[in-house]
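Peer 1: Provided herewith is a single structure, encoded as structure tokens, for subsequent inquiry.
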Amino acid sequence: MSEAVKIKRGVRQGCVMSPPIFNLYTEYIFRTINNIPGLTVGGININNLRYADDTMMLAENEDDLQKLVNIVKEESEKCGLFINIRKTKTMVISREKVLPQIDIKIDGERVEQVANFTYLGHWITEDGRSDQEVKRRIGMAKNTFSRMSKLLTNRKISFATKSRLTKCCVWSIFLYACETWTLNASLERNRSAGNVAVPQNGQDLLEREEKEQRGT
Numbered sequence: 019m020s021e022a023v024k025i026k027r028g029v030r031q032g033c034v035m036s037p038p039i040f041n042l043y044t045e046y047i048f049r050t051i052n053n054i055p056g057l058t059v060g061g062i063n064i065n066n067l068r069y070a071d072d073t074m075m076l077a078e079n080e081d082d083l084q085k086l087v088n089i090v091k092e093e094s095e096k097c098g099l100f101i102n103i104r105k106t107k108t109m110v111i112s113r114e115k116v117l118p119q120i121d122i123k124i125d126g127e128r129v130e131q132v133a134n135f136t137y138l139g140h141w142i143t144e145d146g147r148s149d150q151e152v153k154r155r156i157g158m159a160k161n162t163f164s165r166m167s168k169l170l171t172n173r174k175i176s177f178a179t180k181s182r183l184t185k186c187c188v189w190s191i192f193l194y195a196c197e198t199w200t201l202n203a204s205l206e207r208n209r210s211a212g213n214v215a216v217p218q219n220g221q222d223l224l225e226r227e228e229k230e231q232r233g234t
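In the working numbering, the protein residues as written are 19 to 234.
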């Protein structure tokens, strides 16, 4: 066992105990807001989403959101934790064409309101739709396929291996977090990963090679 290390702020980077300690503190903090209204999903009240130190607070209106922020801020400071307003944003998600500007404050300073942001690698927009995220994923998958083109057109590599590589390296990029997509009629028509994620010429190459290996 190592000697004691004095920590003046946060937890020690790389220490195996840092994640459990951080989780213990944040779990205590967020249990204090369990009864504050958030969004109701399947009859369950959800007012926050957390993954490691990425945290999102959810509310139906501005007053409830400000209340959530105030309590989390107060309880966090009791534990020696502080909200970084520069890394904190607000966003209104609605189908309305003109969205309201909300005035959420931390220590008297207004939190910046944005039209979109990335949460855990997923692009979220204020209209609540997934069109931009799907287009972004298609572009990322196509770029990956293009970078792999020499490998995928190499005749020394079997079709089965190429197929597995495509599914692992290309489709996985396109389908990341697809469970959260809000699909409309247009996206439903194009939801097949094989049709939208892989460039048509590349798909033709794979299909042609498969036929050759089958002798057809």
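No residue lacks a Cβ here, since even glycine has one placed at the ideal position from N, Cα and C.
For N65, count the other beta carbons within 10 Å of its own beta carbon; 16 or more makes it buried, fewer makes it exposed. Which is it?
Peer 2: Under this definition N65 is a buried residue.
Peer 1: In chain order, what residues of the same chain have a beta carbon less than 8 Å from the beta carbon of M109, not counting five sequence neighbours either side?
Peer 2: Taken in chain order, the residues that qualify are Q131, V132, A133, N134, F135, I142, E144.
Peer 1: Taking the continuous beta strand (DSSP E) assigned at Y46, which residues delimit it?
Peer 2: No beta strand (DSSP E) contains Y46, which is instead part of the alpha helix (DSSP H) from 36-49.
Peer 1: For N66, which residues does DSSP report across the bridge?
Peer 2: Answer by DSSP bridge pairing, in chain order: M75.
Peer 1: Under 9 Å between the Cβ atoms of K185 and L170?
Peer 2: No.
Peer 1: What does the Cβ neighbour count give for F100, buried or exposed, with the cut at 16 atoms within 10 Å?
Peer 2: The residue in question, F100, is exposed, as its Cβ has fewer than 16 Cβ neighbours within 10 Å.
Peer 1: Tell me whether the beta-carbon of I103 lies closer than 9 Å to the beta-carbon of I120.
Peer 2: No, the pair does not count as a contact, with Cβ atoms beyond the cut-off.
Peer 1: Could you give the first and the last residue of the continuous alpha helix (DSSP H) run that contains T179?
Peer 2: Start and end: 177-184.
Peer 1: If you draw a straight line from the alpha carbon of A127 to that of R182, how long is it in whole angstroms?
Peer 2: One detail in the question is off: residue 127 reads as Glu in this sequence, not Ala. Going by the C-alpha atoms only, they are around 51 Å apart.
Peer 1: Whole-angstrom Cβ separation of L86 and I51, contact assumed at under 8 Å?
Peer 2: About 6 Å separates the two Cβ atoms, so the contact holds.
Peer 1: Taking Cβ positions, are E151 and W199 nearer each other than 9 Å?
Peer 2: Result yes, Cβ atoms of E151 and W199 sit closer than 9 Å.
Peer 1: Less than 8 Å between C-beta atoms, sequence neighbours within five positions excluded: which residues of the same chain meet that for D81?
Peer 2: Around D81: no qualifying Cβ.
Peer 1: Got a sec: is the Cβ-Cβ distance from R155 to anything in chain B below 9 Å?
Peer 2: Judged by its chain identifiers, the structure shown contains no chain B, having just a single protein chain.
Peer 1: Give every residue of the same chain whose Cβ lies closer than 6 Å to the Cβ of E93, excluding the five residues on either side of it in the sequence, and list them in chain order.
Peer 2: Same-chain partners within the cutoff: I47, T50.
Peer 1: Going by beta-carbon coordinates alone, are R165 and L193 separated by less than 9 Å?
Peer 2: No, the Cβ-Cβ distance between R165 and L193 is not below 9 Å.
Peer 1: Express the C-alpha separation of G146 and L201 in angstroms, rounding to a whole number.
Peer 2: If you take the alpha carbons of L201 and G146, they lie about 11 Å apart.
Peer 1: Rounded to whole angstroms, what's the CA-CA distance from Y43 to G98? Just pull it up for me.
Peer 2: Roughly 10 Å separates the two Cα atoms.
Peer 1: Based on the DSSP secondary-structure assignment, which residues constitute the bridge partners of L57?
Peer 2: BP columns for L57 point to I64.
Peer 1: If I measure Cβ to Cβ from G56 and keep anything under 8 Å in the same chain, skipping five residues before and after, which residues do I get?
Peer 2: So the list reads N63, I64, N65, N66, M75, L76, A77, E78, D82, L86, once near-sequence residues are dropped.
Peer 1: If you draw a straight line from the C-alpha of T73 to the C-alpha of S36, how long is it?
Peer 2: The alpha-carbon atoms of T73 and S36 are separated by roughly 17 Å.
Peer 1: If I'm right that I122 touches V116 with Cβ under 8 Å, what's the distance once you round it to whole angstroms?
Peer 2: Not confirmed; about 19 Å, so no contact.
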